[in-house]
Amino acid sequence: MDTQTKLGDLGLFDARVPRYTSYPTAPHFNRGVGGHHFASWIREIPEGAEISLYVHVPFCRRLCWFCACRTQGTQSDAPVAAYLETLKTEIAMLGRILPDGVRLSRLHWGGGTPTLLTPAMMTELAAAIRAIAPFTEATEFSVEIDPNEIDGPRLDALAAAGMNRASIGVQDFDEDIQKTIGRRQGYDITRQAVEAIRARGVQSLNADILYGLPHQSRARITESVQKLLSLAPDRVALYGYAHVPWMAKRQQLIPSDALPTPQERLALFETARRLFLWDGYDEIGIDHFALPSDGLSVARRAGQLRRNFQGYTDDTAEVLIGIGASAISRFPQGYAQNAPATGAHTAAIREGRFSTARGHVFAGEDRLRARLIEMLMCDFRVDAAAITRDFAIPPETLRAMLAEVDRAFAGHLELDPGGLSIPPEARPLTRMVARRLDAYEMNAEGHSPAI
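Take a look at the structure:
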């Protein structure tokens, strides 16, 4: 029996499971968490701690059909300027309750399209952030950059603000596929953006590319990956396109009959994966690749790879604060998400209160199960000794838990006294294996295909 047949027998091609960028996952957040939780958790950050900050800019000049993110289109700078004022007020509110000496480990601007901010707006936003939490000598400041929405003055402003990592969404370079998903972005304009970024001393580059897109074939994804490799990104996220038109209405513009089958999706992923490995990239978790010198590779080798809402990270800060509409914060106590709608978020900030609309307070086995799932997602192995050291779980209870997971996959995993491992041939099952450690009910329609 070949590997694909074995994976199919285990349900890989039918399953829809979480991506596990958090645990519990966002659908399990509830309205019992509000602004008072957020403020209390902020005040409990230790003095002098290093934290991470995420700033969400939800605006785009054009709405790509494939995207399921919470964004809104605008052809004018007026709503962006108004939103910037809200961000600055929110940042100042945060600064008033941050403990003394807090500094930034990571700063990330995402969206949407943060690069539609004007140079002056970028400078103002960066100054507002630095006023409440200065950088360290090793702070990583990354920005999601749309090659169609960037120019020299904006790159100059970002470089002057301290950006030292840029992230570019590629998706696919094939013109037919770009037309079908509503994302026109040629190779030349992408290359020019990369060259302009590096010309300003920003040498660290991330890139996102998708598999599972309509009309995608192994030949087409090979060509796109080879073009991407010519740009020599430091790390790459190879994400599977999730077609959820019942949730993201704009995806109704994408013909579902042009999508690859689950078996074809696996072939597309494996084709791209082999190309990255052949070009000297290290495999990071289930869907990232990085040069051996990149921080993700270093963290993986050291056993310090982590996972958060941006995917895989080498950031070890215990607190991640989300600024802006729909942004999610992570604390040792739980999660807090801002109001998703820009209007509701803005109204709360104007009233002088944080817009936290929902979240989750950790209880019971949440932290334990979160770490078990993170170990699988990052290292493909649960280290039993580390778990029993860090959590109040008897070794025999942990062994029983892992044995139950092992039985569910009919001998395709490796269970030994040291823990539970997912061998290379079974790694497409990783999110399904993680699901076995998830104690919460799940609505499959709200999640992406397992492959």
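Counting in the numbering used here, the sequence shown runs from 3 upward without gaps. We put the beta carbon where it would ideally sit given N, CA and C, even for glycine. In this text, all values refer to a predicted model and were calculated from it rather than measured experimentally.
With distances taken between CA atoms, P48 lies nearest to P101 out of P101, D158, A129, T7. For A338, DSSP records a beta bridge to S331, G361. Three or more Cβ pairs drawn from the stretch 162-173 and the stretch 191-204 lie within less than 8 Å of each other, which places the two stretches in contact. Leaving aside the five residues that flank L14 on each side, the residues in its chain whose CB is nearer than 8 Å to its CB run, in chain order, P264, L268, P430, L431, M434, A452, I453. Non-local beta-carbon contacts of D408 in its own chain, meaning distances under 7 Å to residues more than five positions away in sequence, involve L415, L417, L422 in chain order. Residue pairing from DSSP places L207 in a beta bridge opposite A168. The shortest C-alpha to C-alpha distance from T138 to any of G366, G34, A51 is the one to A51. For G287, the secondary structure class from DSSP, reduced to helix, strand or coil, is coil. Apart from the 5 residues on each side of it in sequence, D289 sits with its Cβ closer than 7 Å to the Cβ of A239, L240, Y241 in its chain, given in chain order. Counting along the chain, the unbroken beta strand (DSSP E) around W111 starts and ends at 105-113. A distance below 8 Å between beta-carbons, with the five flanking residues on each side excluded, links G113 to the following residues of its chain, in chain order: H58, V59, P60, F61, C62, C71, T73, E146. Here the alpha carbons of V172 and S232 stand approximately 13 Å from one another. Ranked by Cα distance from F411, the first of A402, R438, P396, R391 is R438. Taking C-alpha positions only, L293 is separated from Y283 by approximately 5 Å. Setting aside the 5 residues that flank it on each side, L9 is surrounded in the same chain by P430, L431, each with a C-beta closer than 7 Å to its C-beta; the list follows chain order.
Looking at the backbone, the Cα of K90 and that of Y243 are separated by about 34 Å.
DSSP, read as helix, strand or coil, puts N32 in strand.
Of the residues assessed, N208 falls on the buried side of the cut-off, its CB having 16 or more other CB atoms within 10 angstroms. Proximity to T390 across D381, R401, C380, R383 peaks at R401, based on C-alpha coordinates. Taking the Cα of E92 as reference, the smallest distance to any Cα among L378, G366, A341 is reached at A341.
Between W67 and I191, the C-beta spacing is not below 7 Å.
The Cβ atoms of G361 and Y337 sit closer than 7 Å to each other. For V82, the uninterrupted alpha helix (DSSP H) segment begins and ends at 80-99. For the beta strand (DSSP E) assignment, the uninterrupted runs of no fewer than 3 residues enclosed by the stretch 362-405 are, from N- to C-terminal side, 383-385. The beta carbon of S226 sits closer than 7 Å to the beta carbons of D174, F175, D176, I211 from its chain, once the five residues preceding and following it are set aside; these are given in chain order. The C-beta distance from I183 to P216 rounds to 7 Å, short enough to meet the 8 Å contact threshold.
In the DSSP annotation of this structure, A234 is not part of any alpha helix (DSSP H), being labelled neither H nor E. Secondary structure note for S423: its beta strand (DSSP E) is the uninterrupted segment 421-423. Listed in chain order, the non-local C-beta contacts of R309 below 8 Å within the same chain comprise Y22, T23, G287, T315, E376, M379, C380, local neighbours out to five positions each way being set aside. Judged by their CB atoms, G36 and T358 are nearer to each other than the 7 Å cut-off. In the assembly as shown, R185 is a buried residue. Its beta-carbon has 16 or more other beta-carbons within 10 Å. Around I99, the same chain offers A41, I44, R45 as residues with beta carbons nearer than 8 Å, after the five sequence neighbours per side are excluded. DSSP, read as helix, strand or coil, puts Y189 in helix. For A269, there is no enclosing beta strand (DSSP E); the enclosing alpha helix (DSSP H) covers residues 264-280.
The DSSP-derived three-state label of N150 is helix.
Boundaries of the alpha helix (DSSP H) around G345: 344-352.
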